[in-house]
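Worksheet: one structure, shown below.
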Amino acid sequence: MPANPSAPASVAPVSGAERIATLDVLRGFALFGILVMNIQVFAMIAAAYINPLAVAPTGAVEYAIWLVSHVFFDKKFITLFTMLFGAGIVLMTQRAEAAGNGALALHYRRMIWLLVIGLIHAYLIWYGDILTAYALIGMIAVFMRHWSPRRLVIAGFVLLALQQGVFALIGAGITMLPPEEIAIIADESWLASSSYALAEIEAYRGSYAEQLAMRVEQSLGMQLFGIPTELFFYLLGVMALGMAAFKSGLMTGEWSSRAYARLAVTGLALGLPLIGLGVVMNENAGWEMTFSLYFGRMPNTLAAPLLALAYTALVILAARRFGPAMQAVFAPVGRMAFSNYLAQSIVCTLIFYGHGLGLFMEVGRVGQILIVLAIWIAMPLWSRAWLARFRFGPAEWLWRSLVYRKAQPMLRRASVAAAG
Numbered sequence: 003m004p005a006n007p008s009a010p011a012s013v014a015p016v017s018g019a020e021r022i023a024t025l026d027v028l029r030g031f032a033l034f035g036i037l038v039m040n041i042q043v044f045a046m047i048a049a050a051y052i053n054p055l056a057v058a059p060t061g062a063v064e065y066a067i068w069l070v071s072h073v074f075f076d077k078k079f080i081t082l083f084t085m086l087f088g089a090g091i092v093l094m095t096q097r098a099e100a101a102g103n104g105a106l107a108l109h110y111r112r113m114i115w116l117l118v119i120g121l122i123h124a125y126l127i128w129y130g131d132i133l134t135a136y137a138l139i140g141m142i143a144v145f146m147r148h149w150s151p152r153r154l155v156i157a158g159f160v161l162l163a164l165q166q167g168v169f170a171l172i173g174a175g176i177t178m179l180p181p182e183e184i185a186i187i188a189d190e191s192w193l194a195s196s197s198y199a200l201a202e203i204e205a206y207r208g209s210y211a212e213q214l215a216m217r218v219e220q221s222l223g224m225q226l227f228g229i230p231t232e233l234f235f236y237l238l239g240v241m242a243l244g245m246a247a248f249k250s251g252l253m254t255g256e257w258s259s260r261a262y263a264r265l266a267v268t269g270l271a272l273g274l275p276l277i278g279l280g281v282v283m284n285e286n287a288g289w290e291m292t293f294s295l296y297f298g299r300m301p302n303t304l305a306a307p308l309l310a311l312a313y314t315a316l317v318i319l320a321a322r323r324f325g326p327a328m329q330a331v332f333a334p335v336g337r338m339a340f341s342n343y344l345a346q347s348i349v350c351t352l353i354f355y356g357h358g359l360g361l362f363m364e365v366g367r368v369g370q371i372l373i374v375l376a377i378w379i380a381m382p383l384w385s386r387a388w389l390a391r392f393r394f395g396p397a398e399w400l401w402r403s404l405v406y407r408k409a410q411p412m413l414r415r416a417s418v419a420a421a422g
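Spelled out as structure tokens, the structure:
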């Protein structure tokens, strides 16, 4: 018994013994999938992420890579990662509250420092940063942490419906614009031969200093337009679903195998036809910007949470059958999710941008997938090697040290000695 049972315990980072293994596996799995889509943004102009004809597939294999990436990866893995972020908010605040400390104060310190790191990532490394959005939206999502799973699910679906409404309003607004304004939007976000795309290629093939102006412009666009219109309702809704999934035991492996199988079948049965409908609609429209930029993305956006939940169920079922293998491959990557996310950006910008190998717009989809496979092999290896010696990944250690206002013990032997 402690000498003073009434004294609140101090808040400290979660140790290895306190981690929930299923969450680590899911985080690692999500990071593997996120790279399949992000590699396109690292390697090609921004328009290619939404419009496959901006950098048209050169043959059947390239088209198959685009189709598989779109159907099974596009928005699904970042949705799963966002659900895990929502679950993490509940986990961290529950732990702080149980220790008798200020959960909100701790949470806001975490979000403020995440915002700082996200802004550094966005402006100095890669404009496709998601950390800034997580930090800003996480400051609001925390107020849902005490809601029941049922209320969280309702809130999540309402927020996702609002996102669909935003897409429909913007899409309708674009169709009513004068032709010259539509041409300006197409130049900036849809066409590979546009002056904007050519400027993007020139910038990212150039030196680090030459890239900076383009990266600043694109990061500002993401934060001032993308977060309010594309991300706010969607990420907040998905965080709510993640909180519900955590509280209900879905994400911690507490459901029966039959329940997980039903969830997987339901998510795939509902989600895949929606995605297929979106592909057919866009193909029939010839990927015309006034339709495909917003209306054409609505089915996939609606289906992504369904597939993310199905993937969650399938991963947990696989972990029950192939536990050691799943732990060996995905758990170390998940324990170092922050470091691995940033490492993906550093490695890929060194491959594609001018301050590295300068391969921007030089590598097709087949080559991109080969790079993804190489990084998939490297992530578990370096994560396991690092965690064999250190308690945290480097980014996790920095974040925790900033949040807890004290340098955390990094070496494993140092932490054992301190515990002793």
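The sequence shown maps to residues 3 to 422 in the numbering used here. Cβ atoms here follow ideal geometry from the backbone N, Cα and C, with glycine treated the same way.
Spatially closest choice to residue i from the options, by CA coordinates
i, options, result
"TRP399", "ALA390, PRO411, ARG391", "PRO411"
"GLY30", "MET224, GLU182, VAL331, GLU364", "VAL331"
"SER221", "GLU190, ASN103, LEU121, PHE169", "LEU121"
"ASN103", "TYR406, LEU304, ARG415", "TYR406"
"ILE36", "ILE229, LEU383, TYR343, ARG391", "TYR343"
"GLY175", "ILE142, VAL349, TYR296", "TYR296"
"GLU232", "ALA247, PHE169, GLN213", "PHE169"
"ILE114", "LEU304, LYS77, GLY140, ARG97", "GLY140"
"ALA305", "LEU162, ILE229, SER196, ALA89", "LEU162"
"TRP149", "GLY223, PHE248, ALA62, PRO181", "PHE248"
"SER259", "ILE187, ALA185, ILE318", "ILE318"
"TRP388", "GLY336, GLU219, ILE373", "GLY336"
Nearest-angstrom beta carbon gap, residue j and residue i [assumed within contact, 8 Å]
i, j, result
"MET245", "LEU154", "5 Å"
"ILE203", "THR351", "About 15 Å; that fails the 8 Å criterion."
"MET46", "MET363", "6 Å"
"TRP401", "LEU25", "At roughly 17 Å, the Cβ-Cβ gap does not stay under 8 Å, so TRP401 and LEU25 are not in contact."
"GLY356", "ARG207", "5 Å"
"ILE132", "ILE172", "With a Cβ gap of about 21 Å, ILE132 and ILE172 do not count as contacting."
"ALA194", "ALA287", "Not really, about 18 Å apart at Cβ, beyond 8 Å."
"THR134", "GLN213", "Rounded, the Cβ-Cβ distance is 19 Å, inconsistent with contact."
"THR314", "LYS77", "Going by Cβ atoms, the distance from THR314 to LYS77 rounds to 15 Å, so no, they are not a contact pair."
"PHE235", "GLN165", "4 Å"
7 Å Cβ cutoff met for residue i and residue j
i, j, result
"ALA397", "SER341", "yes"
"GLY269", "GLY158", "no"
"VAL38", "PHE75", "yes"
"SER1", "MET338", "Nothing in the structure corresponds to residue 1, since the chain is present only between 3 and 422."
"TYR136", "PHE87", "yes"
"ALA266", "ALA312", "yes"
"PRO326", "PRO382", "no"
"ARG415", "ARG393", "no"
Sequence-distant residues of the same chain with beta carbon closer than 7 Å to residue i, five excluded per side
i, result
"THR60", "GLY366"
"GLN42", "ALA50, TYR51, GLN370"
"THR177", "THR292"
"LEU272", "LEU308"
Residues that DSSP places opposite residue i in a beta bridge
i, result
"LEU413", "PHE392"
Close-in-space but distant-in-sequence residues of the same chain around residue i (CB under 8 Å, 5 per side omitted)
i, result
"VAL73", "LEU274, ILE277, GLY278, VAL281"
"THR95", "ALA105, LEU106, LEU108, HIS109, VAL144, ARG147"
"PRO301", "LEU276, ILE277, LEU279, GLY280, MET283"
"LEU361", "ALA45, ILE353, PHE354"
Beta-carbon contacts of residue i that lie in its chain and below 6 Å, excluding the five residues immediately before and after
i, result
"SER71", "VAL38"
"ALA242", "MET146, LEU154, ALA157, GLY158"
"PRO54", "TRP68"
"ARG112", "VAL405"
Residue i beta carbon near the ligand MN (any heavy atom closer than 6 Å)
i, result
"VAL365", "The ligand MN is absent from the structure shown, which contains no ligand whatsoever."
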